[in-house]
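J.:
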Amino acid sequence: MASRGTQCFLTVARKYSSSADKNVAFLGLGNMGGFMAANLAKKGFTVRGYDPSTEALNEAAKNGVTSTKSIAEAVDGADVVVSILPSNKVVLDAYLGKDGVVAHSRKGALLIDSSTVDPNVPRQILPVALESGKGFADAPVSGGVMGAQNATLAFMAGGRKEDFDRSLPLLKAMGAKQFHCGDIGSGQVAKLANNMLMGITGMATAECMNMGIKAGLDPKVLLDVLNNSSARSWSTEVYCPVPGLVPTAPSSRNYENGFKNELIVKDLELASGLALAIRSPIPLGAVCTQIYRIVQSRGYGQKDFSYIFQLLKEDSEKKQ
Ligand code: NAD
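Just add 1 to the spot in the sequence shown (first one is 1) and you have this note's numbering.
#1: When the Cα of Glu263 is compared with those of Leu246, Ser307, Lys221, which residue comes out closest?
#2: Tell me whether Met33, by its Cβ, gets closer than 6 Å to a heavy atom of ligand 1.
#3: Under the three-state reduction of DSSP, which class applies to Lys135: helix, strand or coil?
#4: Out of Ala194, Ile113, Gly159, Leu86, state which residue places its alpha-carbon closest to the alpha-carbon of Asp80.
#5: Comparing the CB of Ile265 with every heavy atom of ligand 1, is any distance shorter than 6 Å?
#6: With respect to 6 Å, is the separation between the Cβ of Ala155 and the closest non-hydrogen atom of ligand 1 below this value?
#7: In chain order, what residues of the same chain lie with their CB nearer than 7 Å to the CB of Gly35, ignoring the 5 residues before and after it?
#8: Unbroken alpha helix (DSSP H) runs of length 4 or more, entirely within the region 15-89: which are they?
#9: Just the C-alpha distance for Thr69 and Gln291, rounded to the nearest angstrom, thanks.
#10: Does the region 278-285 touch the region 165-172, meaning 3 or more C-beta pairs lie closer than 8 Å?
#11: Report the partner residues of Gly142 according to the DSSP bridge assignment.
#12: Would you report the Cα separation of Arg294 and Val266, rounded to the nearest angstrom?
#13: Do Gly176 and Phe156 come within 7 Å of each other at the CB atom, strictly closer than that value?
#14: Would you call the region 254-263 and the region 205-225 in contact, with 3 or more CB pairs under 8 Å?
#15: Say whether the region 188-207 touches the region 235-249, bearing in mind that this needs 3 or more beta-carbon pairs closer than 8 Å, one atom from each stretch.
#16: Using the Cα positions of Tyr240 and Gly259, report the straight-line distance between them to the nearest angstrom.
#17: Going by DSSP, what residue range makes up the alpha helix (DSSP H) through Cys241?
#18: Could you give the DSSP three-state label for Lys261: helix, strand or coil?
#19: Suppose you measure from the CA of Thr12 to the CA of Asn24; what does that come to, to the nearest Å?
#20: Tell me where the alpha helix (DSSP H) around Lys191 begins and ends.
#21: Does the separation of the CB atoms of Val76 and Val103 fall below 7 Å?
#22: Evaluate Asn196 with the Cβ neighbour count: other Cβ atoms within 10 Å of its Cβ, from every protein chain shown; 16 or more gives buried, anything less gives exposed.
#23: By the DSSP assignment, the alpha helix (DSSP H) with Phe306 in it spans what residues?
#24: Comparing alpha-carbon positions, which option in Gly109, Ala191, Gly98 lies nearest Ser143?
#25: Tell me which residue opens and which closes the alpha helix (DSSP H) that Leu285 is part of.
#26: Suppose contacts are defined by Cβ-Cβ distances below 7 Å. Is Ala73 in contact with Arg49 by that definition?
#27: Since Ile201 contacts Gly159 with CB under 8 Å, what's their CB separation in whole angstroms?
#28: Any heavy atom of ligand 1 closer than 6 Å to the Cβ of Ser71?
#29: Does Val92 come out as helix, strand or coil in the three-state DSSP assignment?
#30: Please list, in chain order, all residues of the same chain as Lys16 whose beta carbon is under 6 Å from its beta carbon, the five residues on each side excluded.
#31: At a cut-off of 6 Å, would you count Tyr51 as near ligand 2, judging by its Cβ distance to the nearest heavy atom?
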């Protein structure tokens, strides 16, 4: 007789494996992709993974993801390809290169890229994918590594509605929220707008908390005021940059295991490129880009982006 745990697993597995798209190729098994692929495998999909890092492949294999030696091998015969990769260039090469996804996936396959990239990247890939008889959608994510691990990510997708609808069983197996934002590339636009605002409010929170504390306020009292007044935001409620006030915030664990400063720099640079291309003024976004870059060049790129609070504090403690 199946144990209670086994029964639960079977129920969940059946729920997702009823989708026609059962065979998934997963490209990029890093901090995010490793957990996302593991969640697909856990929920009944057959997952073949590819990553140039042997360590990443071995780790994913422990979670039910079959290792392959190339993109071509991973995507061969797959119903759906999901990728989450580091940069514009890596994504373009992975999809459009001669050994890449479009060349080697089967006709009728659905291709989903969850990397954070310039909106023009998915716009370049879509016509080539359609030409060779495949669907393609951009579906970047928010929620970080914890969201990837716990399958609570928010997906913001761009592309044809039929492709979005088809992607839903997979997106639901990896996350808690799914948005169809519009045409191809619009998922990336939503992602960049979200992360630019997160970068700006994060820095504003650090600056205002530091000023209030330096002026003599009890940090707890100040945070309580902000969280019950008009300045309340995700940064004050969930992600307070001052250590010890929100126990689950990265600031309370020495700014480790959060959203790395180098990633906010990447996203703000992509947002700056988008804004420049469409001539949309982003004065605050531009200043934040520069300041987070300085944090990175001082050697704190691996720390959570709320580390800016420490640099402001240090500076305000110097004798003027
Ligand atoms: P990561 O560096 O941990 O993982 C990327 C993986 O891709 C690596 O394992 C790398 O070896 C692999 N890779 C490189 N080239 C490849 C190729 N040609 N084929 C297959 N795999 C390849 O990065 P991450 O933190 O997992 O982030 C991945 C993407 O997700 C980025 O675009 C990032 O901006 C975005 N993102 C990250 C977070 C986060 O909190 N880490 C949150 C939201 C979005």
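Every residue, glycine too, gets a C-beta built ideally from N, C-alpha and C.
Computed from a predicted model, the values in this text were never measured in an experiment.
T.: Quick look at the numbers:
#1: The residue given as residue 263 occupies position 262 in the sequence shown. Nearest of Leu246, Ser307, Lys221 to Glu263, Cα basis: Ser307.
#2: Looking up residue 33 in the sequence shown gives position 32. Yes, the beta carbon of Met33 sits closer than 6 Å to at least one heavy atom of ligand 1.
#3: The count along the sequence shown starts at 1 and reaches residue 135 at position 134. Lys135: coil per DSSP, three-state reduction.
#4: Looking up residue 80 in the sequence shown gives position 79. Nearest of Ala194, Ile113, Gly159, Leu86 to Asp80, Cα basis: Ile113.
#5: Indexing the sequence shown from 1 puts residue 265 at position 264. No - ligand 1 has no heavy atom lying nearer than 6 Å to the Cβ of Ile265.
#6: To locate residue 155, count along the sequence shown from 1; it is residue 154. Checking every heavy atom of ligand 1 against the Cβ of Ala155, none is found closer than 6 Å.
#7: Here residue 35 corresponds to residue number 34 of the sequence shown, with the count starting at 1. Closer than 7 Å at Cβ, skipping near neighbours: Ala57, Glu60, Ala61.
#8: 34-43, 55-62, 72-76
#9: Residue mapping note: residue 69 aligns to position 68 of the sequence shown, counting from 1. Residue mapping note: residue 291 aligns to position 290 of the sequence shown, counting from 1. One C-alpha to the other measures close to 40 Å.
#10: no
#11: Sequence index remark: in the sequence shown, residue 142 carries index 141 (1-based). First, the amino acid is wrong: residue 142 is Val here, not Gly. BP columns for Val142 point to Phe156.
#12: If you number the sequence shown from 1, residue 294 lands on position 293. If you number the sequence shown from 1, residue 266 lands on position 265. Near 6 Å, if we compare the C-alpha coordinates of Val266 and Arg294.
#13: Taking the sequence shown and counting its residues from 1, the one referred to as residue 156 is at position 155. Taking the sequence shown and counting its residues from 1, the one referred to as residue 176 is at position 175. Result yes, Cβ atoms of Phe156 and Gly176 sit closer than 7 Å.
#14: no
#15: yes
#16: Position 239 of the sequence shown, counting from 1, holds the residue named residue 240. Position 258 of the sequence shown, counting from 1, holds the residue named residue 259. Looking at the two C-alpha atoms, the distance is approximately 10 Å.
#17: Looking up residue 241 in the sequence shown gives position 240. Cys241 -> no alpha helix (DSSP H), and no H or E assigned at all.
#18: The residue given as residue 261 occupies position 260 in the sequence shown. Reduced to three states, the DSSP call for Lys261 is strand.
#19: As a working note, residue 12 is residue 11 in the sequence shown. As a working note, residue 24 is residue 23 in the sequence shown. Legend: pLDDT at Thr12 = 39, less than 50; position of this residue unreliable, value from coordinates given subsequently. For Thr12 and Asn24, the distance between alpha carbons rounds to 19 Å.
#20: Counted from its first residue, the sequence shown places residue 191 at position 190. What sits at residue 191 in the sequence shown is Ala, not Lys. Here the alpha helix (DSSP H) through Ala191 covers 187-215.
#21: Start at 1 with the first residue of the sequence shown, and residue 76 comes out as number 75. Start at 1 with the first residue of the sequence shown, and residue 103 comes out as number 102. No; because the gap between Cβ atoms is not below 7 Å, this pair is not in contact.
#22: Along the sequence shown, one-based indexing puts residue 196 at 195. Buried, since its Cβ has 16 or more Cβ neighbours within 10 Å.
#23: Sequence index remark: in the sequence shown, residue 306 carries index 305 (1-based). Run containing Phe306: none; DSSP gives neither H nor E here.
#24: Here residue 143 is taken as the residue at index 142 of the sequence shown, counted from 1. Checking every option, the nearest Cα to that of Ser143 belongs to Ala191.
#25: Within the sequence shown, the letter at position 284 stands for residue 285. That run of the alpha helix (DSSP H) goes 284-296.
#26: Start at 1 with the first residue of the sequence shown, and residue 73 comes out as number 72. Start at 1 with the first residue of the sequence shown, and residue 49 comes out as number 48. Against a cut-off of 7 Å, the Cβ pair of Arg49 and Ala73 comes out as no contact.
#27: For the purposes of this step, residue 201 is taken as the residue at position 200 of the sequence shown. For the purposes of this step, residue 159 is taken as the residue at position 158 of the sequence shown. In fact, because the Cβ distance is near 23 Å, the residues do not count as touching under 8 Å.
#28: Position 70 of the sequence shown, counted from the start, is the residue given in the question as residue 71. Not under cutoff, so the answer is no.
#29: On the sequence shown, position 91 is the one that residue 92 refers to. Looking at Val92 - three-state DSSP - the assignment turns out to be helix.
#30: As a working mapping, residue 16 is identified with position 15 in the sequence shown. Reliability fails at Lys16, whose pLDDT of 40 lies under 50, so the model's placement of it is uncertain and the value that follows must be treated cautiously. Within the same chain, Lys16 has no close Cβ partners at all.
#31: Because ligand 2 does not appear in the structure shown, any question about it cannot be addressed here, the ligands present being ligand 1.
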